[in-house]
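There are 2 protein chains.
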Amino acid sequence: MDLNMFKYARTMSPNPQDTRQLILDTALRLFEERGYAATTMRAIAAEAGLAPSNAYYWFANKDELVQEFYNRIQDDHLVRVADVLAGAGSLAERLSAVEHGYLDVIGGYHGFGGAFVSTALGSSAASPFSDESARPREKSIAIYREVVAGARPAVPEKIRGALPELLWLCHLAITLFWVTDSSRDQERTRRLVDAAVPLVAPLIRVAKLPWAGSVTDQLERALAVVMERTSA
Amino acid sequence: MDLNMFKYARTMSPNPQDTRQLILDTALRLFEERGYAATTMRAIAAEAGLAPSNAYYWFANKDELVQEFYNRIQDDHLVRVADVLAGAGSLAERLSAVEHGYLDVIGGYHGFGGAFVSTALGSSAASPFSDESARPREKSIAIYREVVAGARPAVPEKIRGALPELLWLCHLAITLFWVTDSSRDQERTRRLVDAAVPLVAPLIRVAKLPWAGSVTDQLERALAVVMERTSA
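If you're matching them up, the sequences are chains A and B in order.
Sequential numbering from -11 applies to the first sequence in our numbering.
Sequential numbering from -11 applies to the second sequence in our numbering.
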């Protein structure tokens, strides 16, 4: 990393993606060391050996860095759970592996997780529901679509439409719980995942009942309100 | 208010509760006008016409003001929905009235709601799950206990234990949604309440099924993890 920074300080960023990456890596390190609020875009540029104008070219502000961070987490999450998604397993097994895989991925960022969530709540752009967050959000929801689509036994048709978004919202709630989790290595969040995941089994069982159609309709109406674009 | 402030500036706070109230009122006004982060305890004291030492006697820091604010909101909420809780109604009717009553109570604070939630996420003391928040939390959960206990038709025994905390967690999720709701008068949160509340009916229906016992056991295990004391 230090060698790379030296190289970038002296050349004109040969590979644009590398410069983005360098800025993000530097930003995450400074957020960890100095705190999110205390880290300015100028400080990130200086630490990365870039002119401020160059850093601003890639990220207009810290909100955009947060977006890129979300994006990277989703990519890392997908890589981490690709085998699980490609394999066979019950809905509960797949969901458990996907959530624990996510906690593995974000584990190193716990020090400033709170700052990011605060940012997401304080700025409409950084909210996971914003237009600006559409890319990482879609990546994350796609994982839950895969969780549902590949589950064996198959998830009943009636709940298949609503379930991925519902699971994604539960996943957001777990992320929030993790942010405030002060237990060692956030083991409490691990226990919450283990205790909550088995609740999908009765959900599936209910989805097979004759009156489940009206419930899933109502659920879809509630999800539609949550998933409306913030800008609408 | 201005007259009171003048009086307090000149006397030695005849009624302790009035001084607390004055500090909180002043703080909320300044949070609204200047933002939460930019408002110092010293500025609150000065604006309230108190010596800093006097203000610090009542609130050691802004976290404690946030606690007092939570407390007041719960008190106001209870006053607002007392008639609903005393009356008869279905679980869905009671829950709907209680949630809308809550949105009425917090409506005026939307301007700095995000700052408070950020504080709650950034500071373990201000989290709604902390020991320090026990009083307002218990007040709020007590409202949901009343919602459940007074519902007619009666809520099935099996789910009666877990339901109040489950509803309180949903209430926290709705609060979070409200914080990031940029729609006019947060009408989107109102629509979410209207779309989500009917989902309690199938929950009750499921609780009457012969296999519901193992589900509510699992639900109680998950709730137990969530509700563990942060300090534990």
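Ideal placement from N, C-alpha and C gives every residue a C-beta, glycine not left out.
Predicted, not measured: the structure shown is a model, and the values here were computed from it.
DSSP places Phe100/B within a helical segment (H, G or I) once states are collapsed to three.
Counted as a single uninterrupted DSSP element, the stretch harbouring Pro186/A is not any alpha helix (DSSP H), since DSSP gives it neither H nor E. Between the stretch 157 to 164 of chain B and the stretch 192 to 200 of chain A there are fewer than three inter-stretch CB-CB distances shorter than 8 Å, so the stretches are not counted as touching. Using beta-carbon distances, Ser115/A counts as an interface residue toward chain B, with a partner under 8 Å. Counting only residues of its own chain and dropping the five nearest sequence neighbours on each side, Leu83/A has a CB closer than 7 Å to the CB of Val135, Leu155, Val185, Val188.
Just so you know, the alpha carbons of Val213/B and Pro124/B end up roughly 20 Å apart.
By the neighbour-count criterion, in which 16 or more other beta carbons inside 10 Å mark a residue as buried, Arg176/A falls on the buried side. Leaving aside the five residues that flank Lys127/B on each side, the residues in its chain whose CB is nearer than 6 Å to its CB run, in chain order, Gln62. Note that the C-beta distance between Thr107/A and Val54/A is below 8 Å. By the beta-carbon neighbour count (other beta carbons within 10 angstroms, threshold 16), Val203/A is buried. Assignment of Tyr24/B by DSSP, reduced to helix, strand and coil, places it in the coil class. DSSP places Trp166/A within a helical segment (H, G or I) once states are collapsed to three. Cα atoms of Tyr90/A and Glu208/A: separation of roughly 26 Å, rounded to the nearest angstrom. Per DSSP, the unbroken alpha helix (DSSP H) holding Pro124/A starts and ends at 122 to 137.
For Pro141/A, the nearest beta carbon of chain B is not closer than 8 Å to its own beta carbon.
DSSP places Leu10/B in the helix class (H, G or I) of the three-state scheme. Think of a sphere of 7 Å around the beta carbon of Glu81/A: no beta carbon from chain B falls inside it, the nearest being about 16 Å out. In the structure shown, Lys50/B falls within a helical segment according to DSSP collapsed to helix, strand and coil. The alpha carbon of Val69/A has as its nearest neighbour, out of Asp92/A, Val86/A, Leu157/A, Ala25/A, the alpha carbon of Val86/A.
Residue environment: Gly99/A is assigned as exposed (fewer than 16 neighbouring CB atoms within 10 Å of its CB, all protein chains considered).
Here Ala31/A carries a helix assignment [DSSP, helix/strand/coil]. Taking CB atoms only, Leu73/B has no neighbour in chain A less than 8 Å away. From the beta-carbon of Ser121/A, no residue of chain B is found nearer than 8 Å; the closest lies around 11 Å away. According to the DSSP assignment, Arg140/B belongs to no alpha helix (DSSP H), since it is labelled neither H nor E.
For the stretch 192 to 210 of chain A, the residues whose beta carbon sits under 7 Å from a beta carbon of chain B are, in order, Val194, Val203, Gln206, Leu207, Arg209, Ala210.
At least one CB of chain B lies nearer than 8 Å to the CB of Glu216/A. In terms of Cβ geometry, Leu109/A and Gly102/B form a close pair [threshold 8 Å]. Collapsing the DSSP output to three states places Pro152/B in a helix. Contacts with chain A at 8 Å (Cβ-Cβ) do not include Pro144/B.
Residues of the same chain with a CB within less than 7 Å of the CB of Tyr44/A, apart from the 5 flanking positions on each side, are Met29 in chain order. A direct Cα-to-Cα measurement between Cys158/A and Tyr132/A gives close to 11 Å. Within the same chain, Cβ atoms closer than 7 Å to the Cβ of Tyr58/B are found at Ser121, Pro124, the five residues on either side in sequence being excluded. For the C-beta of Val167/B, the chain A residues within less than 8 Å are, from N- to C-terminus, Leu109.
Of the candidates Ala25/B, Gly77/B, Thr27/B, the residue whose Cα lies closest to the Cα of Gly138/B is Gly77/B.
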